[in-house]
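**Q** My questions will all concern the structure given below.
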């Protein structure tokens, strides 16, 4: 059938135009579906890639944020357990930690700071070693534990001749101001027991001085560290007296949550070897020859 012309232009029949439009729409629809599917796949791939880069793999053997962070070793001024001498951190617990570092071939610097600051970092960041740390029910789930490395008695000390008598812990609530150290477990424990007469400081030697000046009636120290703390304040421990034993505790090396489990196991295994081969006993005799 011939095609009509008008003014030298070809005029297609209606049925031909409809067919052409139909096929064109079909091609456009197929193209649009394919384009949408490709965009969807690309978007999903991009989201997966960003998730991997941002959060990392947490499966065993895969790198995560904690595994890439350097280990931090934190402690406080707590002689003779940990303290600075001639510009170097030393002490009983320090010797144990340094022995573990040597056996694990870890090159890390021991940082000394206030207990409050060290404790905050250790309960916030992964890959943190905190020593020495009293292991208590309240702290149990906050750390992984290595030890115990020692034991001490938490004691309320008074100025010699003060005449303060305490038969039970509750009596100390009426004894006057009690000096505590911010973040120490003795302070936490007394607060939990309802004590409201506590006066907190960052430096334990400050409490020794305040005790002698009678600015406070009592102060909480451990029997292991009290002699050195008083000495640092320029005071003899003989000028103080034990008034009441609060409690006895074991102390440990604490490892912050989020630290890779294989790393924690390495530290625990290294300490077990130190204890088994007699190195721990040698370190104890060095710092506590009388015990």
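In our numbering, the protein residues as written are 2 to 292.
Where is the CB? At the ideal position from N, CA and C, for every residue including glycine.
As the structure is a prediction and not an experimental result, all values here were calculated from the model.
1) How is residue 62 classed by DSSP in three states: helix, strand or coil?
2) With H, G and I counted as helix, E and B as strand and the rest as coil, what does DSSP make of residue 88?
3) Between residue 140 and the rest of its own chain, which residues show a CB-CB distance below 6 Å, the 5 nearest in sequence each way excluded?
4) Reducing DSSP to helix, strand and coil, say where residue 185 ends up.
5) Using three-state DSSP, classify residue 226 as helix, strand or coil.
6) Report yes or no: do the stretch 201 to 209 and the stretch 220 to 238 share at least 3 C-beta pairs separated by less than 8 Å?
7) Taking its Cβ as the centre, do 16 or more other Cβ atoms sit within 10 Å of residue 77, making it buried, or is it exposed?
8) Applying the 10 Å Cβ sphere with the 16-neighbour rule, what's the burial state of residue 133?
9) Tell me residue 154's beta-bridge partners as DSSP assigns them.
10) Could you give the residue range of the beta strand (DSSP E) that holds residue 132?
11) Relative to the C-alpha of residue 213, which candidate in 236, 194 and 228 has its C-alpha closest?
12) Count the CB pairs spanning the stretch 268 to 278 and the stretch 160 to 175 that are closer than 8 Å, and state whether there are at least three.
13) What does the alpha-carbon distance come out to for the pair residue 135 and residue 150?
**A** On the basis of the supplied data:
1) Annotation note: pLDDT 43 at residue 62 (below 50); position unreliable, coordinate value reported separately. Residue state, collapsed to three classes: coil.
2) coil
3) none
4) coil
5) coil
6) Yes: the two stretches touch, three or more of their Cβ pairs being nearer than 8 Å.
7) buried
8) buried
9) 249
10) 129 to 135
11) 236
12) no
13) 10 Å
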